[in-house]
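Data first, discussion second: the structure below is written as structure tokens.
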Amino acid sequence: MATMTGTPVIILKEGTERTRGKDAQRNNIMAGRAVADAVRTALGPRGMDKLLVDSIGDVVITNDGATILDEIEVQHPAAKMLVQVAKTQDDDVGDGTTTAVVIAGELLKRAEALIDKKIHPTIIVKGYKKASDEAEKILERIAEPVDINNDDELMKIARTALNSKAVGGARDHFAKIAVDACKSIREDDRTVDIDLASIIQKQGKALTDTEFIKGVVIDKEVVHPRMPLKVVNAKIALLNAALEIKKTEFDAKIRISDPTTVQAFIDEEHSMLKEMVTKVKEAGANVLICQKGIDDLTQHYLAQENILAVRRVKKSDMEKLAKSTGGRIISTIEELGPEDIGTAGLVSEKKIGDEKLLYIEECPTPKAVSIVIRGGSKYVTDEAERAIHDGLCVVRDVIQDGRAVAGGGAPEIELAIRLREYSERISGREQLAIEAFADSLEIIPKTLAENGGLDSIDILAQLKEGHKTDRNPRIGVDVLAGKTGDLKDLGVIEPLGVKIQAIRSASEAAELILRIDDVIASKELKGEGGMPPGAGGMPPGAGGMPPGMGGMGGMPPMM
Ligand code: ADP
Ligand code: MG
Numbered sequence: 000m001a002t003m004t005g006t007p008v009i010i011l012k013e014g015t016e017r018t019r020g021k022d023a024q025r026n027n028i029m030a031g032r033a034v035a036d037a038v039r040t041a042l043g044p045r046g047m048d049k050l051l052v053d054s055i056g057d058v059v060i061t062n063d064g065a066t067i068l069d070e071i072e073v074q075h076p077a078a079k080m081l082v083q084v085a086k087t088q089d090d091d092v093g094d095g096t097t098t099a100v101v102i103a104g105e106l107l108k109r110a111e112a113l114i115d116k117k118i119h120p121t122i123i124v125k126g127y128k129k130a131s132d133e134a135e136k137i138l139e140r141i142a143e144p145v146d147i148n149n150d151d152e153l154m155k156i157a158r159t160a161l162n163s164k165a166v167g168g169a170r171d172h173f174a175k176i177a178v179d180a181c182k183s184i185r186e187d188d189r190t191v192d193i194d195l196a197s198i199i200q201k202q203g204k205a206l207t208d209t210e211f212i213k214g215v216v217i218d219k220e221v222v223h224p225r226m227p228l229k230v231v232n233a234k235i236a237l238l239n240a241a242l243e244i245k246k247t248e249f250d251a252k253i254r255i256s257d258p259t260t261v262q263a264f265i266d267e268e269h270s271m272l273k274e275m276v277t278k279v280k281e282a283g284a285n286v287l288i289c290q291k292g293i294d295d296l297t298q299h300y301l302a303q304e305n306i307l308a309v310r311r312v313k314k315s316d317m318e319k320l321a322k323s324t325g326g327r328i329i330s331t332i333e334e335l336g337p338e339d340i341g342t343a344g345l346v347s348e349k350k351i352g353d354e355k356l357l358y359i360e361e362c363p364t365p366k367a368v369s370i371v372i373r374g375g376s377k378y379v380t381d382e383a384e385r386a387i388h389d390g391l392c393v394v395r396d397v398i399q400d401g402r403a404v405a406g407g408g409a410p411e412i413e414l415a416i417r418l419r420e421y422s423e424r425i426s427g428r429e430q431l432a433i434e435a436f437a438d439s440l441e442i443i444p445k446t447l448a449e450n451g452g453l454d455s456i457d458i459l460a461q462l463k464e465g466h467k468t469d470r471n472p473r474i475g476v477d478v479l480a481g482k483t484g485d486l487k488d489l490g491v492i493e494p495l496g497v498k499i500q501a502i503r504s505a506s507e508a509a510e511l512i513l514r515i516d517d518v519i520a521s522k523e524l525k526g527e528g529g530m531p532p533g534a535g536g537m538p539p540g541a542g543g544m545p546p547g548m549g550g551m552g553g554m555p556p557m558m
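Counting along the sequence shown from 1, when you hit position 424 you're at 423 in numbering that gives the first Met the number 0, and nothing is skipped either side.
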């Protein structure tokens with residue numbers, strides 16, 4: 000509202016919430032910190048799991064930062080930015096999501112203290128930016144090359160990522176699967192497209208029974224009981240069209256005066272279907288993989304021709320099959336010819352528990368692989384899938400980049416020390432911001448220690464000693480043994496890219512939130528969102544949000 004010549008000018012719609020200046024900043028910072036607090040206890044090998052219940056009562060048990068934030072349906076706009084950080088981190092490098100969010104939360108907390116000391120947010124943002132750029136340089140310096148043709152080295156990377164996942168005794172098994180999968184799908188130029196590794200969950204048995212297959216596994220069963228269940232030297236037709244008589248788009252009525260006409264009608268339909276099957280047969284196929292439906296009668300004719308067929312196969316699976324069998328996906332049956340047929344050494348249906356899967360193995364270009372996850376319940380197999388995803392991502396990262404840093408908070412401590420040295424070369428108030436950035440990074444070893452039940456003050460002192468006196472950038476928290484140590488010697492290493500990205504995205508999120516000094520929120524529409532002011536299990540200490548901006552909706556109260 001502005002007043003000119005005494006008349007108020009109203010520019011915002013009635014009911015619009017507006018917070019400005021310090022209030023807006025403080026609110027945003029608090030919301031961001033609340034998000035970081037929500038995931039903090041999940042960090043590291045001794046991190047706790049979270050049990051999340053969504054609005055329709057579905058339960059997820061997870062230790063994965065990105066998943067936690069995805070499930071808790073955050074409402075505050077600034078908090079949403081941190082959730083976005085986790086998503087970006089997950090999409091780009093696949094790991095380090097909790098790290099990124101925890102660092103961002105700490106950056107915000109330290110920024111608040113600086114704002115209290117009357118340092119302008121613009122100065123803080125500048126300092127943070129400088130510190131983050133410098134951090135990247137320092138990380139590049141302390142990173143060490145990894146022999147990517149050495150399985151043991153790749154296993155270390157995979158195991159470190161899996162350490163913090165709730166997969167119990169299956170850790171080594173999963174690490175090996177991640178390594179084997181990435182080795183199979185890597186190209187000569189070292190690129191690894193992890194979408195070529197499909198993951199299928201089948202409840203039953205135990206996580207250690209999870210299977211790795213060099214080939215494509217489709218979650219479909221053979222359509223007809225009289226079809227073969229196993230085809231050696233398979234010739235595969237890939238079809239993206241329905242094998243059924245098309246229904247007319249509008250209701251047409253045909254008046255029939257003579258019963259023989261009905262029969263002629265039916266016969267005509269049958270012969271059309273039969274012709275489709277003949278077409279498949281003539282192209283030389285003994286296996287038919289169809290993206291659409293196959294009706295009963297066609298199934299019957301296919302079975303008569305001894306052709307194995309599956310229907311309603313996912314598009315992504317069709318593409319993988321085309322790639323690995325050398326076949327071409329055809330969109331009308333009339334097009335199908337011998338040149339479109341793909342091959343595989345073996346196509347077979349296997350029974351897994353009560354369900355059946357189709358295995359297409361021994362393909363000419365075996366670039367697609369499959370992982371069939373087994374486990375006692377959906378909660379277990381879901382978390383296992385997330386774990387394997389992280390494993391695949393870190394192995395991919397290191398194959399593509401070839402460099403790693405030690406884990407256990409070692410690089411963060413090294414960065415804190417070096418950044419403080421760097422800050423001395425920067426004059427003015429920005430120096431304070433760079434120092435704050437350095438202090439913020441200590442949150443990682445501190446949290447790892449705390450989550451491991453260790454005395455974090457003691458541990459931090461020992462870490463600094465190791466880095467300063469012994470000048471060893473690999474000294475970190477050996478969480479499992481409850482002391483500090485050379486984490487690389489212990490085999491705990493992470494891809495350089497994961498660390499760089501975690502720090503970069505944490506810093507960017509903090510900078511983004513700090514730059515905001517005006518929040519204008521439109522009035523919520525009735526019936527949408529449905530958040531009464533003050534509702535939603537806001538974590539203690541994060542109150543004071545303006546009504547109508549919501550808290551963190553649907554947050555389970557135990558966090
Ligand atoms: P994020 O989502 O950030 O990957 P995690 O819960 O996976 O979070 O924890 C990652 C942190 O745990 C990293 O700092 C990593 O170095 C550390 N870590 C993993 N294994 C160990 C270990 N055996 N000892 C100490 N730290 C470990
Ligand atoms: Mg991790």
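Positions of the beta carbon are idealized from the N, C-alpha and C atoms, including for glycine.
Q. In three-state DSSP terms, what is Pro204?
A. In the sequence on display, residue 204 carries Lys and not Pro. The answer is coil: DSSP assigns Lys204 none of H, G, I, E or B.
Q) Helix, strand or coil: how does DSSP classify Leu272 here? A) Reduced to three states, the DSSP call for Leu272 is helix.
Q. Should Glu527 go down as buried or exposed, given a rule of 16 or more other Cβ atoms within 10 Å for buried?
A. Because Glu527 sits at a pLDDT of 44, beneath the cut-off of 50, its placement in the model cannot be relied upon, and the following sentence gives the value as read from the coordinates. It is exposed - the Cβ of Glu527 has fewer than 16 other Cβ atoms within 10 Å.
Q.
For a quick check, are the C-beta atoms of Ala233 and Thr342 less than 8 Å apart?
A. Yes, the pair counts as a contact, with Cβ atoms nearer than the cut-off.
(Q) Please tell me whether Leu440 and Leu414 are closer than 8 Å, where the distance is taken between their beta carbons. (A) A contact, by the Cβ cut-off of 8 Å.
Q | Cβ contact check for the stretch 297–309 and the stretch 200–213: 3 or more pairs under 8 Å | A | Cβ pair count under 8 Å is below three, so no.
Q. Does DSSP classify Thr190 as helix, strand or coil?
A. Thr190 sits in coil when the DSSP states are folded into three classes, being neither helix nor strand.
Q: Would you identify the three-state DSSP class for Gly484, choosing helix, strand or coil?
A: Looking at Gly484 - three-state DSSP - the assignment turns out to be strand.
Q: Starting from the N-terminal end, write out each residue whose C-beta falls within a distance shorter than 6 Å of any non-hydrogen atom of the ligand MG.
A: That gives Asp94, Ala160, Ser163, Asp389.
Q) Which residue or residues does DSSP assign as beta-bridge partners of Leu113? A) Secondary-structure assignment with DSSP links Leu113 through no beta bridge to anything.
Q) Along the chain, which unbroken stretches of the alpha helix (DSSP H) at least 4 residues long are found entirely within the stretch 90–157? A) The stretch 90–157 contains these whole alpha helix (DSSP H) runs: 96–115, 120–141.
Q) Excluding sequence positions up to five away, which residues of its chain have a Cβ less than 8 Å from the Cβ of Ile184? A) Once the five neighbours on either side are set aside, the close Cβ partners of Ile184 are Val191, Asp192, Ile193, Leu195, Ala196, Lys366, Ala367, Val368.
(Q) Is the beta carbon of Ile141 closer than 8 Å to that of Pro410? (A) One thing to note: Pro410 has its Cβ within 8 Å of the Cβ of Ile141.
Q.
Within the continuous beta strand (DSSP E) that includes Val346, where are the two ends?
A. Looking at the DSSP string, the run of the beta strand (DSSP E) that includes Val346 is 341–351.
**Q.** Contact check, Gly56 vs Thr96, beta carbons under 8 Å
**A.** No, the pair does not count as a contact, with Cβ atoms beyond the cut-off.
Q | Presumed contact (8 Å Cβ cut-off) between Asp485 and Arg473, rounded CB distance | A | Approximately 5 Å separates the beta-carbon atoms of Asp485 and Arg473; this is inside 8 Å, confirming the contact.
Q) Measuring from the CB of Leu447, is there a heavy atom of the ligand ADP at a distance below 7 Å? A) Placement of the Cβ of Leu447 at a distance of less than 7 Å from at least one heavy atom of the ligand ADP is found.
Q) Going by alpha carbons, who is nearest to Glu72 out of Leu106, Ala99, Thr98, Ala37? A) Taking the Cα of Glu72 as reference, the smallest distance to any Cα among Leu106, Ala99, Thr98, Ala37 is reached at Ala37.
Q) To the nearest whole angstrom, what separates the beta carbons of Val371 and Val215, a pair I think is in contact under 8 Å? A) Wrong, their Cβ atoms sit about 12 Å apart, outside the cutoff.
(Q) Let me confirm a value: Met537 is counted as buried when at least 16 other C-beta atoms fall within 10 Å, else exposed. Which label applies? (A) In this predicted model, Met537 has a pLDDT of only 42, less than 50, meaning its place in the structure is not dependable enough to derive any value.
Q. Given Ile123, which residues of its chain have a CB within under 7 Å of its CB, disregarding the five upstream and five downstream residues?
A. Beyond the five residues adjoining it in sequence on each side, Ile123 comes within less than 7 Å, by CB distance, of Ala110, Leu113, Ala432, Leu513 in the same chain, given in chain order.
Q | From Glu133, Asp457, Asp150, residue whose alpha carbon lies closest to that of Ala503 | A | The sequence shown places Arg at residue 503, rather than the Ala named in the question. Ranking the options by Cα distance to Arg503, first place goes to Glu133.
Q.
Assuming Asp48 and Thr61 are in contact, meaning their beta carbons sit under 8 Å apart, how far apart are those beta carbons, in whole angstroms?
A. Confirmed, Cβ separation roughly 6 Å.
Q: Grab me the residues of Ile212's own chain with a C-beta within less than 8 Å of its C-beta, minus the 5 sequence neighbours each way, in chain order.
A: Same-chain partners within the cutoff: Tyr358, Glu360, Val368, Ser369, Ile370, Val371.
Q | Unbroken beta strand (DSSP E) run spanning Thr66, endpoints | A | Premise fails: Thr66 lies in the alpha helix (DSSP H), 64–70, not in any beta strand (DSSP E).
Q) Which residue's Cα is closest to the Cα of Thr324: Asp488, Ser330, Cys362, Gly43? A) Of Asp488, Ser330, Cys362, Gly43, the residue nearest in Cα terms is Cys362.
Q: Report back the beta-carbon spacing between Leu307 and Val286 to the nearest angstrom; my notes put them in contact at under 8 Å.
A: Confirmed, Cβ separation roughly 5 Å.
Q: Kindly give me the distance between the Cβ atoms of Gly451 and Val478, rounded to whole angstroms, as I take these residues to be in contact under 8 Å.
A: The distance from the Cβ of Gly451 to that of Val478 is about 4 Å, consistent with a contact at the 8 Å cut-off.
Q: For Leu418, count neighbouring C-beta atoms within 10 Å of its own C-beta (all shown protein chains included) and say buried if the count is 16 or more, exposed if not.
A: So Leu418 ends up on the buried side.
Q) If you measure from the CB of Pro44, is any heavy atom of the ligand ADP nearer than 7 Å? A) Within the cutoff, so yes.
(Q) Quick check on this structure: which residue in Arg189, Cys181, Gly401, Lys350 has the alpha carbon closest to the alpha carbon of Lys201? (A) If we check each option's Cα against that of Lys201, Lys350 comes out closest.
(Q) Between which residues of its own chain and Gly46 is the CB-CB distance below 7 Å, once the five residues before and five after are set aside? (A) The answer, listed in chain order, is Thr40, Asn62, Ser163, Asn450.
Q.
Rounded to whole angstroms, what is the Cα-Cα separation between Pro532 and Glu70?
A. Since pLDDT at Pro532 reaches only 44, below the 50 mark, its modelled position is unreliable, and the value read off the structure follows with that caveat. Within the model, the alpha-carbon separation for Pro532 versus Glu70 is close to 21 Å.
Q) In the DSSP assignment, what are the bridge partners of Leu242? A) Partner(s): Ile293.
Q. Using a threshold of 7 Å, is the CB atom of Asp400 nearer than that to any non-hydrogen atom of the ligand ADP?
A. Asp400 Cβ: outside cutoff for every heavy atom of the ligand ADP.
Q) Is Asp457 near the ligand ADP, with its Cβ less than 7 Å from a heavy atom? A) Not under cutoff, so the answer is no.
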